[in-house]
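**Q** Just passing along the structure, written as structure tokens.
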Ligand code: NAD
Ligand code: DAU
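Residue numbers (this note's numbering): 40 to 376.
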């Protein structure tokens with residue numbers, strides 16, 4: 040099978056390419072990535088020599104380039120490419136609309152023109168909005184969309200476009216809406232790698248507000264196996280929600296676990312200004328479990344231990360991106376004030 044992966048130099052895309060080539064060594068993967076600030080060539084060094092892997096630098100919004108790639112006989116598209124960081128969408132929403140909405144539209148058009156067998160769209164639980172503090176509610180495939188940030192609104196728009204191509208043009212699509220991923224190769228702008236790398240570089244962990252907002256943490260390898268289950272067994276036109284084993288982990292509890300594993304204390308926490316429209320998430324993965332037999336393997340504690348070990352042993356991987364990420368946060372904090 041010939042698969043087009045978009046955004047394969049990013050966190051989840053790079054993990055997925057590695058995972059897929061291990062599980063399906065005869066498949067061919069073309070990775071189309073614009074190489075934004077979020078991309079890292081170092082994530083692919085162990086894959087580059089694989090003859091079934093090739094890389095194209097370019098924008099998913101470039102219709103001519105996408106057409107040229109599709110003409111090579113792509114059967115499946117797994118669409119990861121996106122502007123993915125909520126805080127950056129507060130700073131400048133325009134690129135989020137351009138890549139996440141218009142870029143997805145260009146891909147859908149090309150997929151319909153060339154009659155691909157599957158277009159799998161990677162989306163997020165953030166499209167569902169926020170769960171109230173104290174509520175035991177979990178998002179599911181039936182939860183109405185209610186996005187809060189320009190990022191989640193752009194992802195919601197792209198989900199609607201994808202579904203419309205199924206209903207209107209019969210494009211064989213599937214969508215997954217998953218919770219917060221963590222694990223190796225994640226950009227150090229995001230909460231878990233930022234916290235770990237702050238401690239590794241002698242800085243404190245920055246906690247937004249009082250740290251009471253909660254998330255549903257999913258190890259990236261579990262996300263990869265969920266996408267695999269959907270590609271192999273998922274029903275065309277369907278959406279699958281994907282989440283982790285533990286629900287409602289507050290940021291402060293997450294931070295305390297990281298501090299404990301890394302032998303640090305609460306003196307290494309700095310409370311900073313809160314994020315506007317700060318959501319809470321928890322996701323039910325009943326449907327994918329019942330219909331496709333998927334379940335996560337990692338519990339949060341062992342996943343964090345593995346992730347902390349990876350960042351400790353791979354300081355070379357994040358040095359440049361870490362510097363840029365912290366420069367971004369200094370700029371963002373000035374805007375917040
Ligand atoms: P990331 O920011 O780490 O990587 C995004 C990749 O896409 C980068 O390599 C970047 O260069 C590339 N890219 C950006 N704009 C592009 C464009 N116009 N054309 C081609 N390539 C482009 O993102 P991630 O965390 O790996 O997320 C991947 C996908 O999963 C996104 O669609 C995101 O919305 C979704 N998602 C992420 C999470 C999470 O916790 N990280 C959770 C749920 C869903
Ligand atoms: O839920 C899925 C989403 O998870 C994905 O769609 C997004 O692409 C991905 O970036 C992630 O979004 P979040 O906004 O939840 O992730 P982030 O790592 O930015 O923040 C996680 C939580 O930690 C959030 O409540 C904000 C808080 N936070 C974040 C940072 C970077 C802090 O308290 N301190 C920080 O330094």
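Note that the Cβ used here is the ideal one computed from N, Cα and C, for glycine as well.
So does the segment 164–171 actually touch the segment 214–231, counting three or more Cβ pairs closer than 8 Å?
**A** Touching, per the Cβ criterion.
**Q** Less than 8 Å separating the beta-carbons of residue 143 and residue 201?
**A** Along the chain shown, one-based indexing puts residue 143 at 104. Along the chain shown, one-based indexing puts residue 201 at 162. Yes. Within cutoff.
**Q** Nearest CA to the CA of residue 210: which residue from 109, 147, 281 and 369?
**A** Position 171 of the chain shown holds residue 210. Minimum Cα distance to residue 210 is reached at 147.
**Q** Near residue 294, which residues of its chain fall below 7 Å by C-beta distance, leaving aside the five closest residues on each side in sequence?
**A** Within the chain shown, numbered from 1, the residue matching residue 294 stands at position 255. Once the five neighbours on either side are set aside, the close Cβ partners of residue 294 are 234, 244, 246, 250 and 308.
**Q** In the structure shown, what three-state DSSP assignment does residue 70 receive?
**A** Position 31 of the chain shown, counted from the first residue, corresponds to residue 70. Reduced to three states, the DSSP call for residue 70 is strand.
**Q** Which residues in the same chain as residue 177 place their Cβ atom closer than 7 Å to its Cβ, once the five residues preceding and following it in sequence are excluded?
**A** In the chain shown, the residue the question calls residue 177 occupies position 138. Cβ neighbours of residue 177 beyond the five flanking positions: 286, 321, 322 and 323.
**Q** Is the beta carbon of residue 51 less than 8 Å from the beta carbon of residue 262?
**A** Your numbering for residue 51 matches position 12 in the chain shown. Your numbering for residue 262 matches position 223 in the chain shown. For residue 51 and residue 262, yes; Cβs fall inside 8 Å.
**Q** Pick out whichever of 270, 55, 350 and 289 has its Cα sitting closest to the Cα of residue 301.
**A** Mapped onto the chain shown, residue 301 falls at position 262. Considering only alpha carbons, the answer is 350.
**Q** Where does the unbroken alpha helix (DSSP H) through residue 262 begin, and where does it stop?
**A** For the purposes of this step, residue 262 is identified with residue 223 of the chain shown, where counting begins at 1. Residue 262 -> alpha helix (DSSP H) spans 259–272.
**Q** Could you tell me which whole alpha helix (DSSP H) segments of length 4 or greater appear in the segment 222–260?
**A** Complete alpha helix (DSSP H) runs here, min 4: 230–239.
**Q** In this structure, how does DSSP classify residue 172 when only helix, strand and coil are distinguished?
**A** Along the chain shown, read from residue 1 onward, the residue named residue 172 stands at position 133. Three-state result, residue 172: coil.
**Q** From residue 343 to residue 222, what distance separates their C-alpha atoms?
**A** Here residue 343 refers to the residue found at position 304 when the chain shown is read from its first residue. Here residue 222 refers to the residue found at position 183 when the chain shown is read from its first residue. Cα to Cα, the separation comes out at about 8 Å.
**Q** What are the start and end residues of the alpha helix (DSSP H) that includes residue 50?
**A** Translated into the one-based positions of the chain shown, residue 50 becomes position 11. Unbroken alpha helix (DSSP H) run through residue 50: 50–62.
**Q** Helix, strand or coil: which one does DSSP assign to residue 119?
**A** By 1-based counting over the chain shown, the position of residue 119 is 80. Correct three-state label for residue 119: coil.
**Q** What residue ranges within the segment 127–175 form continuous alpha helix (DSSP H) runs of no fewer than 4 residues, ordered along the chain?
**A** Runs of the alpha helix (DSSP H) inside the segment 127–175: 143–153.
**Q** Based on the DSSP output, what are the partners of residue 220 in its beta bridges?
**A** Position 181 of the chain shown holds residue 220. Answer by DSSP bridge pairing, in chain order: 257.
**Q** For residue 314, report the span of its alpha helix (DSSP H) as first-last.
**A** What you label residue 314 is simply residue 275 of the chain shown in a count that begins at 1. Unbroken run through residue 314: none, as it is neither H nor E.
**Q** Out of 197, 93, 259 and 91, which has the shortest C-alpha to C-alpha gap to residue 338?
**A** For the purposes of this step, residue 338 is taken as the residue at position 299 of the chain shown. The option with the nearest alpha carbon to residue 338 is 259.
**Q** Compute the Euclidean distance between the alpha carbons of residue 174 and residue 198, then round it to the nearest angstrom.
**A** Translated into positions along the chain shown, residue 174 becomes position 135. Translated into positions along the chain shown, residue 198 becomes position 159. Near 26 Å, if we compare the C-alpha coordinates of residue 198 and residue 174.
**Q** DSSP state of residue 84, grouped into three classes?
**A** Position 45 of the chain shown holds residue 84. Coil.
**Q** DSSP on residue 108, reduced to helix/strand/coil?
**A** Walking along the chain shown from the start, residue 108 turns up at place 69. The answer is helix: DSSP assigns residue 108 an H, G or I state.
**Q** Can you tell me which residues form a DSSP beta bridge with residue 41?
**A** By 1-based counting over the chain shown, the position of residue 41 is 2. In DSSP, residue 41 forms a bridge with 67.
**Q** Count the other CB atoms, across all protein chains shown, that sit within 10 Å of the CB of residue 110; report buried if there are 16 or more and exposed otherwise.
**A** For the purposes of this step, residue 110 is taken as the residue at position 71 of the chain shown. With fewer than 16 other Cβ atoms within 10 Å, it is exposed.
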